[in-house]
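Structure first, commentary second.
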Amino acid sequence: RFPDEDMIFHKRGQAKATNKKNNQPVQPAGLGAEPPELLVDDDPRHALVDWMSQKNNPFFAHTLVNRYWKHFFGRGLVDPEDDMRETNPSVNPELLEELASRFVAGNFDMKQLIRDICKSKTYQFSSVPNDYNAKDKHNFSRHYPQRLQAEVLLDSIDDLTLVRTGFSGLPPGTRATMLPDNSYNNGSYFLSVFGRPDNASACECERSGDASLAQSLH
Numbered sequence: 001r002f003p004d005e006d007m008i009f010h011k012r013g014q015a016k017a018t019n020k021k022n023n024q025p026v027q028p029a030g031l032g033a034e035p036p037e038l039l040v041d042d043d044p045r046h047a048l049v050d051w052m053s054q055k056n057n058p059f060f061a062h063t064l065v066n067r068y069w070k071h072f073f074g075r076g077l078v079d080p081e082d083d084m085r086e087t088n089p090s091v092n093p094e095l096l097e098e099l100a101s102r103f104v105a106g107n108f109d110m111k112q113l114i115r116d117i118c119k120s121k122t123y124q125f126s127s128v129p130n131d132y133n134a135k136d137k138h139n140f141s142r143h144y145p146q147r148l149q150a151e152v153l154l155d156s157i158d159d160l161t162l163v164r165t166g167f168s169g170l171p172p173g174t175r176a177t178m179l180p181d182n183s184y185n186n187g188s189y190f191l192s193v194f195g196r197p198d199n200a201s202a203c204e205c206e207r208s209g210d211a212s213l214a215q216s217l218h
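Start counting the sequence shown at 1; every next residue gets the next number (this note's numbering).
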């Protein structure tokens, strides 16, 4: 962040839940963890981040590595990418474990994770199939072509036409890839029709890269 740069964020407040049986507030806690001791003014999300980033947390590193693998390859090492149960194993458990271990050892450095993936021979494979991998859609023996995401595609069209899409409540010139949340989908038919998710759920699978008739008519 530059010194004179404006930062835009959406303050959502703190969600609270009530136990239906005893009508008492439910104390927030990580999966399998005890509720943290929080003061009145403490933000429970800070405690959540601390729990997620513990080096002995078996969930966070593997899940995030798998999501980023899906981002670059169009398919996760575990597929669907959010179905991380033991009965849905990775197509390459050793690779997932190695990437997760390097991610943890690097103190959860996202840039290092991206370098590890993008510098691999697997990522640099040609997307042109040959006699041996033409039918392979699971083992990453070739690169699987995928469409640009809705935000990137909209920004590319804006750059080409020299006409920037405006978003209500945001500074002129804001790019689609800079949108702070998905509430701006309502003001952009393009983003909705080209598959930008509405975040109705936490599932990464909500984003769609499929072609549709509405896209052809847009």
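Glycine included, each C-beta is placed from N, C-alpha and C at the ideal position.
Requested in this report: Might you give, ordered along the chain, the residues of its own chain that have their beta carbon closer than 7 Å to the beta carbon of Arg142, omitting 5 neighbours on each side?
Outcome: Along the sequence shown, read from residue 1 onward, the residue named residue 142 stands at position 142. Residues of the same chain with a CB within less than 7 Å of the CB of Arg142, apart from the 5 flanking positions on each side, are Phe125, Ser126, Ser127, Pro129, Asn133 and Asp136 in chain order.
Report task. Give, in chain order, every unbroken run of the alpha helix (DSSP H) that is at least 4 residues long and sits entirely within the segment 129–171. Result -> 150–161, all fully within the segment 129–171.
Query - Per-residue DSSP class, three states only, for Pro25 - result: Position 25 of the sequence shown, counted from the start, is the residue given in the question as residue 25. Pro25 falls in the strand class under three-state DSSP.
Query raised in the report: Taking the alpha carbon of Ala47 as the point to measure from, which residue in Glu97, Leu31 and Ala61 has its own alpha carbon closest?
Result: In the sequence shown, residue 47 corresponds to position 47, counting from 1. If we check each option's Cα against that of Ala47, Leu31 comes out closest.
Query raised in the report: Do the CB positions of Glu222 and Ala176 come within less than 8 Å of each other?
Result: Since the displayed the chain opens at 1 and closes at 218, residue 222 lies outside it and no answer follows.
Query raised in the report: Ordered along the chain, which non-local residues of its own chain (more than five positions away) have a Cβ less than 8 Å from that of Pro44?
Result: Mapped onto the sequence shown, residue 44 falls at position 44. Answer for Pro44: Gln14, Pro28, Pro36 and Leu38, listed in chain order.
Query - Among Lys111, Asp155, Asp198 and Leu64, the one whose alpha carbon lies nearest that of Met84 - result: In the sequence shown, counting from the first residue as 1, residue 84 sits at position 84. Answer by Cα proximity: Leu64.
**Report entry** Supposed close pair Asn182, Asp158 - CB separation, criterion 8 Å
**Finding:** In the sequence shown, residue 182 corresponds to position 182, counting from 1. In the sequence shown, residue 158 corresponds to position 158, counting from 1. Actually they are not in contact, since the Cβ atoms of Asn182 and Asp158 sit about 19 Å apart, beyond 8 Å.
**Report entry** Alpha-carbon to alpha-carbon, Trp51 and Pro145
**Finding:** As a first step, residue 145 is located in the sequence shown; it is residue number 145 there, counting from the start. As a first step, residue 51 is located in the sequence shown; it is residue number 51 there, counting from the start. So the two alpha carbons sit approximately 36 Å from each other.
Query - Unbroken alpha helix (DSSP H) run spanning Tyr184, endpoints - result: Position 184 of the sequence shown, counted from the first residue, corresponds to residue 184. That residue, Tyr184, is in no alpha helix (DSSP H); it is neither H nor E in DSSP.
Query - Any 3 or more C-beta pairs closer than 8 Å across the segment 164–172 and the segment 186–198 - result: Under the Cβ criterion (8 Å, minimum of three pairs), the segment 164–172 counts as touching the segment 186–198.
Report task. Following the continuous alpha helix (DSSP H) through Val91, name the residue where it begins and the one where it ends. Result -> Along the sequence shown, one-based indexing puts residue 91 at 91. Where Val91 is concerned, there is no enclosing alpha helix (DSSP H), given that its DSSP letter is neither H nor E.
Query raised in the report: Just reading off the alpha helix (DSSP H) that Val65 is part of, what are its end residues?
Result: Counted from its first residue, the sequence shown places residue 65 at position 65. First-last of the alpha helix (DSSP H) with Val65: Phe60 to Phe73.
Query raised in the report: How many whole angstroms separate the CB atoms of Ala61 and Val104, which I take to be in contact at a CB cut-off of 8 Å?
Result: Here residue 61 refers to the residue found at position 61 when the sequence shown is read from its first residue. Here residue 104 refers to the residue found at position 104 when the sequence shown is read from its first residue. About 5 Å separates the two Cβ atoms, so the contact holds.
Query - Those runs of the alpha helix (DSSP H) which lie wholly inside the segment 33–59 and span at least 4 residues - result: Runs found: 44–52.
Query raised in the report: Pick from Thr174, Asn23, Asp82 and Arg75: whose alpha carbon is nearest that of Thr122?
Result: The sequence position of residue 122 within the sequence shown is 122, counting from 1. Closest option to Thr122, Cα to Cα, is Arg75.
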